[in-house]
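This report concerns only the one structure given below.
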Amino acid sequence: MMKFAFPVLFSFAALSHAEAQESDSGRIAPDEVYEVAPGLGQYTDDVLFGRVWPGEALAPRDRSLVVLSALISMGQTGPVGSHTRIGLENGLTPAEIGEIATHLAFYAGWPYAIAAVYEMHEVFQNQGVEMPVDADGTPLELNSEAEAARQREMSEGITATVPQLADATNEVLFDDLWRRPTLSTRDRSLVTIASLAATGKAEQLPAYLNRALDNGLTPAEAKEAIHHLAYYSGWPNAVSAVPVLEEVLSARETAETSANITVVPSTNAETTTGGEDNFTGVAEVSQRFSAPQPARLGGGVVSFEASARTAWHTHPLGQTLYITDGCGWVQSEGETVQEVKPGDIVVIPPNTPHWHGASASDDMTHLAISEAQDGSSVTWMELVTDEEYAQGDSAESKCNV
1 MMKFAFPVLF SFAALSHAEA QESDSGRIAP DEVYEVAPGL GQYTDDVLFG
51 RVWPGEALAP RDRSLVVLSA LISMGQTGPV GSHTRIGLEN GLTPAEIGEI
101 ATHLAFYAGW PYAIAAVYEM HEVFQNQGVE MPVDADGTPL ELNSEAEAAR
151 QREMSEGITA TVPQLADATN EVLFDDLWRR PTLSTRDRSL VTIASLAATG
201 KAEQLPAYLN RALDNGLTPA EAKEAIHHLA YYSGWPNAVS AVPVLEEVLS
251 ARETAETSAN ITVVPSTNAE TTTGGEDNFT GVAEVSQRFS APQPARLGGG
301 VVSFEASART AWHTHPLGQT LYITDGCGWV QSEGETVQEV KPGDIVVIPP
351 NTPHWHGASA SDDMTHLAIS EAQDGSSVTW MELVTDEEYA QGDSAESKCN
401 V
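First residue of the sequence shown? That's 1 in UniProt numbering, and the numbers climb one at a time after it.
Structure (structure tokens):
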């Protein structure tokens with residue numbers, strides 16, 4: 001009895017908008033739904049099938065891929081038969097529909113996949129559809145860079161703890177299942193994303209979202225897939241996937257933006273004079289630069305006239321100086337002043353109070369490089385007194401050697 005009731009109860013969920021217009025009532029939701037939950041009937045007709053399914057952001061075939069994947073992964077076997085029928089109408093082949101179940105056996109589990117196959121089989125029989133034959137075409141090629149990254153990540157976790165799972169992941173999932181030609185890598189990615197999002201496994205989405213986007217799924221299609229899933233797996237699962245999708249898209253946009261080499265001519269460099277609160281004497285800062293997010297690197301060229309120096313200061317992640325011209329002094333708190341010359345590299349540890357500048361008799365120029373932490377790369381302190389600076393006169397001379 002239940003086997004019969006499920007298709008009757010859920011068959012409306014597979015009707016297309018056009019089919020609804022041809023029905024006697026002009027509605028998709030059955031009369032029973034309107035009698036018991038009229039609000040649900042109205043939302044079904046006006047929102048789910050009036051707006052979502054006809055939406056142009058995702059092709060009908062892709063929507064069927066998403067919904068079938070979600071239903072199988074959630075163990076909602078009842079509607080699988082109806083959505084198998086509408087999937088055929090939307091352009092999925094019997095072989096592709098069967099391959100969805102094959103793929104999801106690994107991502108949702110064998111019991112859910114086998115249960116779904118019985119529903120698919122019944123539809124194929126009733127509609128006289130020729131049963132699919134397993135594909136024996138040339139295995140698909142996977143993205144070599146993505147595969148290398150996946151294996152590196154797995155070796156840091158799964159391999160050390162459960163090596164047999166790592167072996168099966170490499171040999172069965174990615175060297176066999178993902179290379180089966182019945183579904184394209186794009187379609188497999190969409191099936192996997194739908195499965196993970198529908199079952200609340202947002203933490204595993206980043207790798208598969210990137211794989212999907214690499215394989216041809218567009219950002220607009222990825223967004224619409226999550227939107228469509230909300231109606232079948234519930235709002236909480238869909239909403240949980242949104243921050244993950246946002247982070248993935250943002251990171252990819254940043255990477256694409258910074259993909260081209262940027263050359264800033266020295267003639268275009270803006271030069272500023274160091275302020276009196278942070279410098280003593282004349283110091284000019286030019287050639288400022290900062291790497292695009294998510295990198296935190298930044299710096300600039302600082303030129304000191306003789307006797308000019310910074311105030312005491314620290315850097316949360318340290319600083320590196322490369323002396324390019326002249327003769328300078330550098331001192332860390334509690335240590336003696338050291339003299340530096342062109343070609344010297346000065347490595348300053350994180351959160352170490354220090355100062356640097358020109359010697360008393362020579363100008364000095366250096367390139368300064370540091371990383372920001374929480375948006376800040378330096379903490380300024382008090383100015384270096386003349387008495388503190390005069391300690392440089394006792395420094396071992398390197399500039400005149």
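Don't be surprised by glycine CBs; every beta carbon is placed ideally from N, CA and C.
Residue j beta carbon less than 9 Å from that of residue i
{"i": "Met120", "j": "Gly98", "result": "yes"}
{"i": "Arg188", "j": "His103", "result": "yes"}
{"i": "Leu213", "j": "Ile226", "result": "no"}
{"i": "Val302", "j": "Thr365", "result": "yes"}
{"i": "Phe304", "j": "Gly357", "result": "yes"}
{"i": "Pro132", "j": "Thr93", "result": "yes"}
{"i": "Leu229", "j": "Val123", "result": "no"}
{"i": "Ala295", "j": "Asn210", "result": "no"}
{"i": "Ser69", "j": "Val191", "result": "yes"}
{"i": "Gly318", "j": "Glu371", "result": "yes"}
{"i": "Lys398", "j": "Val340", "result": "yes"}
{"i": "Thr324", "j": "Leu367", "result": "yes"}
{"i": "Ile114", "j": "Ala101", "result": "yes"}
{"i": "Glu253", "j": "Ala57", "result": "no"}
{"i": "Gly274", "j": "Ala308", "result": "yes"}
{"i": "Ala283", "j": "Ala360", "result": "no"}
{"i": "Thr183", "j": "Glu96", "result": "It is Leu, not Thr, that sits at residue 183 in the sequence shown. Going by C-beta atoms, Leu183 is nearer than 9 Å to Glu96."}
{"i": "Leu217", "j": "Trp178", "result": "no"}
Where residue i falls: helix, strand or coil (DSSP)
{"i": "Ser11", "result": "Bear in mind that the predicted position of Ser11 carries a pLDDT of just 42, short of 50, making it unreliable; the figure below should be weighed with that in mind. Here Ser11 sits in helix by DSSP."}
{"i": "residue 420", "result": "The chain is shown only over 1 to 401; residue 420 falls outside these bounds and no answer can be derived."}
{"i": "Ala194", "result": "helix"}
{"i": "His313", "result": "strand"}
{"i": "Ile348", "result": "strand"}
{"i": "Leu383", "result": "coil"}
{"i": "Gln127", "result": "coil"}
{"i": "Leu71", "result": "helix"}
{"i": "Asp325", "result": "strand"}
{"i": "Gln21", "result": "In this predicted model, Gln21 has a pLDDT of only 38, less than 50, meaning its place in the structure is not dependable enough to derive any value."}
{"i": "Ser397", "result": "coil"}
{"i": "Ser16", "result": "Reliability fails at Ser16, whose pLDDT of 40 lies under 50, so the model's placement of it is uncertain and no value is given."}
{"i": "Asn392", "result": "The identity of residue 392 in the sequence shown is Gly, whereas the question assumes Asn. Helix."}
{"i": "Glu153", "result": "helix"}
{"i": "Ala160", "result": "helix"}
{"i": "Val330", "result": "strand"}
{"i": "Thr254", "result": "helix"}
{"i": "Ser189", "result": "helix"}
{"i": "Ser376", "result": "strand"}
Span of the alpha helix (DSSP H), counted from its first residue to its last, around residue i
{"i": "His228", "result": "219-233"}
{"i": "Leu205", "result": "205-214"}
{"i": "Phe106", "result": "94-107"}
{"i": "Val133", "result": "First-last for Val133: undefined, no H or E at that position."}
{"i": "Glu89", "result": "80-89"}
Span of the beta strand (DSSP E), counted from its first residue to its last, around residue i
{"i": "Gln76", "result": "Taken as a continuous stretch (DSSP letters only), Gln76 belongs to no beta strand (DSSP E), as it is neither H nor E."}
{"i": "Glu164", "result": "For the sequence presented, residue 164 should be read as Gln rather than Glu. Where Gln164 is concerned, there is no enclosing beta strand (DSSP E), although the alpha helix (DSSP H) it sits in stretches over 163-168."}
{"i": "Ile369", "result": "364-371"}
{"i": "Arg288", "result": "283-290"}
{"i": "Gly334", "result": "Here Gly334 belongs to no beta strand (DSSP E), and DSSP marks it neither H nor E."}
{"i": "Leu297", "result": "297-304"}
{"i": "Glu276", "result": "Per DSSP, Glu276 belongs to no beta strand (DSSP E) and is neither H nor E."}
{"i": "Ala358", "result": "354-358"}
{"i": "Glu339", "result": "338-340"}
inquiry  = Can you confirm whether the segment 310-326 touches the segment 374-385 when touching is taken to mean that 3 or more C-beta pairs between the two stretches lie within less than 8 Å?
reply    = yes
request  = Starting from the N-terminal side, write out each stretch of the alpha helix (DSSP H) that is 4 residues or longer and does not extend beyond the segment 31-61.
outcome  = 31-36, 38-43
query = Can at least three beta-carbon pairs, one atom from the segment 231-249 and one from the segment 198-207, be found at a separation below 8 Å?
reply = yes
request  = May I ask you to verify whether the segment 333-342 touches the segment 274-290, counting CB pairs closer than 8 Å and requiring at least 3?
outcome  = no
key: the segment 68-80 contacting the segment 31-47, beta-carbon criterion three pairs below 8 Å   = no
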